[in-house]
Each structure stands twice: as structure tokens, then as C-alpha cells.
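Numbering of the sequence shown is given in this note's numbering, commencing with residue 388 and proceeding in unit increments. To start, the structure itself, in C-alpha cells.
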Amino acid sequence: MTAATRPVRTRFAPSPTGYLHLGGARTALFSWAFARHYGGTFVLRIEDTDLERSTPEAVQAILDGMRWLDLQPDEGPFYQMQRMDRYRQVIADMLAQGTAYHCYSTPAEVEAMREHARAIGAKPRYDGTWRPEAGKTLPPIPPDVSPVVRFRCPLDGVTTWDDLVKGPISFDNSELDDLVIARPDGTPTYNFCVVVDDWDMEISHVIRGDDHVNNTPRQINILRALGAELPRYGHVPMILGPDGEKLSKRHGAVSVIEYDRLGYLPEAMVNYLARLGWSHGNDELFTRQQFVEWFDPKHLSRSAAQWDPKKLNWVNAHGLRQLDLDDLARRVAPRILRLGGQPEAIDLEAVLALLRDRSETLEDLADGCLLFCGPYTPADAELRAEVLDAAALDLLQDFSAQAHALDAWDEATLDGLVKAMLKTHGVKMPKLAIPLRVAVTGRKHTPSIGAVLALLGRDVVLQRLDMTLAG
Ligand code: GLU
């Protein structure tokens with residue numbers, strides 16, 4: 388089957404050594420979008436052969452992060468540790484075919500070879516002592532050395548691929564060592580497992596971070612030796628922090644799931660991550676459906692992307708405004724509860740409608756809602772002294788009397804009352820609005836006073852006003 392007609396199958400292949408970080412999430416997103424755009428299959432493979440660094444918690448963190456972003460694989464997760472028999476079988480086949488060989492050089496000997504190469508100004512490498520060649524006599528097998536297995540890499544020629552992101556890339560095969568594909572205890576090495584998996588899983592397009600560019604010629608050569616069809620490769624540049632350095636904890640949260648805790652929407656995260664290294668004209672805000680529709684690897688950027696927390700906040704704020712209020716309420720309610728408020732005690736959708744234009748995250752919103760359903764802390768003595776002077780108390784007295792007499796209790800009626808009072812008392816808005824805020828909410832700053840009074844409800848407002856006036 389030619390590359391043009393090959394079914395599209397992409398994969399995300401994280402090593403479970405920590406949380407799902409932003410760079411990994413973006414790689415997953417691009418692989419996922421590629422598969423979705425072409426109606427293909429997205430495979431999840433957990434590369435857990437590094438037993439010292441892989442943990443079940445990290446696997447869970449990756450699965451959680453992908454679930455949060457809604458990047459569900461069509462196949463997998465497959466675990467490399469469960470495929471050991473297959474790797475051993477391929478190694479045995481390669482030994483039988485002569486594309487791999489046993490090497491009995493000890494680590495100390497290999498180090499000495501490298502040292503020697505360095506001394507004569509050559510690239511440090513294994514010198515091929517145990518590499519079988521026509522007419523060559525191999526040394527006698529030492530009795531007490533467990534051999535490694537090395538791949539018999541082509542000695543000359545060039546390995547080239549047309550990278551989906553970076554364009555044509557070439558490596559001289561003379562630069563490549565005869566890679567160890569199995570350790571003395573028979574366990575396969577990293578690059579080898581990747582190759583067998585990409586082959587068996589019929590991966591058509593490998594999209595991954597550009598820290599893997601140097602692995603690609605080795606992997607291509609092994610795939611060729613196996614007679615496998617090559618995938619197309621696309622290497623995505625890394626994400627830099629706002630200061631141009633490699634993105635790290637110094638720049639804030641780097642675990643994708645942490646952004647859930649901080650109150651970001653998965654929809655916004657997908658939108659923001661998609662734009663880190665990919666573009667569709669000048670479009671900054673789009674849905675995931677549009678992203679899939681528009682995704683074209685030709686528009687993946689060759690240069691590193693820069694993390695911009697302000698832009699993420701902007702995208703998230705936009706996302707908050709796009710959601711239906713009932714959906715938004717469902718997402719904010721548990722956060723209010725965690726902050727000690729009682730979301731069920733208020734008309735949450737109405738409160739969110741008031742607050743969402745001024746909020747950047749779900750946490751901001753939850754915090755804002757506490758004004759209406761959190762524990763009420765009356766203004767402290769200092770704030771009272773600053774705001775509630777005799778004139779202010781007079782105004783509040785009058786406001787309270789008139790408010791008690793209102794028939795209706797809604798924003799328009801309350802705004803009407805405030806306006807009428809400004810007129811009769813001949814004062815400007817802050818003279819009334821600030822004392823009202825302090826009396827009724829304990830704070831100087833709130834959203835528009837009419838809306839706040841309406842949402843707090845008649846009983847609460849009148850009771851707090853009376854309390855304040857009683858001193
Ligand atoms: N497991 C590798 C990593 O987490 C990715 C390997 C690949 O995509 O080929 O960096």
C-alpha cells in the first residue's frame with residue numbers, strides 16, 4: 388500500500404514518568420487532530436519500559452489529563468511492558484536474519500573504544516569488533532560475558548526523510564552507531580520498542596517533540612531492516628516560557644491537569660494549546676470542531692512557540708462567555724462549595740450572568756459568587772469608620788425605609804430607587820453606592836449595586852441594612 392492510500396493512524400506515546408505536561412498535551416492534541424481530520428485512528432501507547440522512572444500514578448495522571456482535554460484514544464492504552472515477548476521475538480528474528488548481532492564487548496571496552504575515537508578526533512562510537520562481515524573472523528566468544536544485541540546499521544549512505552514540520556532532514560549513516568537493541572539481560576531498549584510498536588500498530592504518521600529528531604534515522608534504519616513500511620514523521624518544536632527559556636516549573640504550572648484545578652476550561656486549553664505551534668490564518672478563537680476541520684500539518688510552525696499566560700486567560704475568559712449558563716453553573720457549583728459557599732442558596736445562573744464578563748477563570752467566578760452565597764463578614768471597624776459617616780448613615784436610613792416599602796425587588800426597581808434618592812438628596816452615585824455596598828456586602832467593590840441588591844434578595848439586604856444601622 389502506498390503512503391498516499393495508507394489508512395491514517397497516529398499515536399501518542401508518553402513515558403509515564405510524571406504528570407502530563409503542557410508539551411506532551413500539545414503533542415497528543417496534534418496527533419489526535421491529525422487522526423480526526425483525516426478520519427483516521429488515534430492510538431495511545433504508554434512507554435513504560437523505564438522501570439525506575441515509570442509509575443502507575445504517572446500513567447493515571449496521563450490518562451486523567453487526556454480525559455480532561457477529551458482526547459480519547461480510539462485504540463489503547465497499550466503498555467510496552469505487556470509486549471516484551473513480541474520484542475524478544477523480533478530480536479530473535481533479526482539475529483536469525485543477520486540484521487542484528489551479539490556483541491560481547493564489555494561496557495569498559497566500549498568506553499575505551501569511545502575514548503580512543505575521541506583521542507583521534509573521531510566521533511565516539513562502537514568500533515564494530517563483533518559486527519559480522521563477509522570474510523571476517525570474529526573473536527572467540529568470552530565465556531563469562533552476557534552479550535548485548537546490536538543493530539547492524541548501514542555503514543554508508545544517507546538516511547533522509549521529509550519531515551511534516553521541518554522539511555527534508557538527512558543524517559549520514561556513518562554518523563550512526565550500531566545501536567544496542569537488547570541489554571545483556573535480554574530486555575529491549577527504548578528506540579527498538581518504539582520501532583516495533585510503530586510497525587505493529589501500523590502507525591502512518593508519527594507526530595512528536597523535536598527532541599526525538601536524533602532518534603529518527605536510527606528508527607528508520609531498523610524499520611527498513613524489518614521490511615516495514617515507514618511512517619511519515621513530523622517533529623514539533625518545543626514550547627518556551629515567556630522569557631524564551633525551556634518551559635519549566637519556574638513559569639508556573641506545567642502539568643495540564645493543574646489548569647483544571649486553577650479554573651481553566653478544557654475547551655479553552657485545547658484552543659490555546661492548538662495555537663502554540665499551529666495556525667489557521669489569524670484565527671485565535673475556535674471550537675474543537677473547527678480545529679479538527681482546519682487542522683493541516685502544513686501549518687505547524689517550524690519555530691518554537693512561547694507560553695503566554697495572559698493570552699491563555701484571554702482565551703479562557705472568552706470560553707466562559709461562550710458556555711450556556713446552566714453548563715457554566717454546573718462547572719462552578721463544586722468550586723463554590725469547596726470555597727465554603729452554598730451555591731444552592733442562590734439563583735446561580737443569574738449570578739454567573741452578572742459576573743462572567745469580568746472573570747477569567749472558573750475559580751474567579753466561584754470566588755465572585757461568594758459575595759452572594761458565602762459566609763457574610765460585616766465590614767470591620769476601620770472600613771465602617773472610613774465609609775459610614777453620619778451623612779452616609781442618614782442616606783442608608785432613608786434607603787432602608789424606602790426599600791422596605793418596595794412592591795417589587797428586581798434590578799430595574801432597585802436602580803430606580805437609587806436614582807430617585809440621588810436626586811432627592813442631591814448626591815452623586817458613590818456617596819450612596821459605596822455605603823450601600825459596605826453595609827450589605829462588607830466590601831467596597833462589587834458589581835453594579837442594583838444587580839447585587841436584586842440578587843442578594845430582599846430579606847438579606849434589609850436585614851443587613853438594619854444590622855448596620857443598629858451599629
Ligand atoms: N516516549 C517518548 C516521550 O515521552 C515519545 C516517543 C515517541 O513519540 O516516539 O518522549
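Don't be surprised by glycine CBs; every beta carbon is placed ideally from N, CA and C. From a predicted model like this one, the values you see are computed outputs, not experimental measurements.
- Ranked by Cα distance from N601, the first of N560, L613, I590 and S591 is N560.
- In the DSSP annotation of this structure, the continuous segment of the beta strand (DSSP E) that includes H592 starts and ends at H592 to G596.
- Under the 8 angstroms Cβ criterion, the segment 479 to 496 counts as touching the segment 532 to 541, having at least three qualifying pairs.
- Nearest C-alpha to E498 among R512, Y488, R717 and G508: R512.
- The segment 724 to 731 and the segment 754 to 761 touch, with three or more beta-carbon pairs separated by less than 8 angstroms.
- Within 7 angstroms of the C-beta of A422 there is not a single heavy atom belonging to the ligand GLU.
- Approximately 17 angstroms separates the beta-carbon atoms of R432 and G410; this is outside 8 angstroms, ruling out the contact.
- The continuous beta strand (DSSP E) containing R537 extends over residues V535 to F538.
- Using a Cβ-Cβ distance cut-off of 8 angstroms, the segment 680 to 695 and the segment 440 to 453 are not in contact, since fewer than three pairs of beta carbons, one from each stretch, lie closer than that value.
- Distances from the alpha-carbon of D853 to those of P765, K806, P653 and Q677 put P765 closest.
- Between the ligand GLU and the CB of P575, the shortest heavy atom gap is not smaller than 7 angstroms.
- A Cβ-Cβ distance of about 3 angstroms is found for the pair L407 and G452, placing them in contact under the 8 angstroms criterion.
- In this structure, the CA atom of G628 is about 12 angstroms from the CA atom of K697.
- Counting only residues of its own chain and dropping the five nearest sequence neighbours on each side, G405 has a CB closer than 7 angstroms to the CB of A445.
- Taken from the Cβ of S591, every heavy atom of the ligand GLU lies 7 angstroms or farther away.
- I556 is not a Cβ neighbour of D564, given a cutoff of 8 angstroms.
- For R605 and N700, the gap between their C-alpha atoms comes out near 41 angstroms.
- Restricted to the segment 757 to 838, the alpha helix (DSSP H) segments that are unbroken, complete and at least 4 residues in length are 768 to 774, 777 to 791, 798 to 812 and 816 to 828, listed in chain order.
- For L660, the enclosing alpha helix (DSSP H) begins and ends at P653 to R662.
- Ranking P624, D437 and H592 by CA distance to the CA of P394 puts H592 first.
- The DSSP-derived three-state label of I626 is strand.
- DSSP places V567 inside the beta strand (DSSP E), whose first and last residues are V567 to A569.
- D585: member of the alpha helix (DSSP H) spanning Y577 to D587, first to last residue.
- Just measuring C-alpha positions, the residue of L793, K806 and L739 sitting nearest V848 is L793.
- With distances taken between CA atoms, A612 lies nearest to V583 out of M588, V583 and A504.
- The ligand GLU has no heavy atom closer than 7 angstroms to the beta-carbon of E520.
- Taking 8 angstroms as the cut-off, the Cβ atoms of L482 and Y474 do not count as close.
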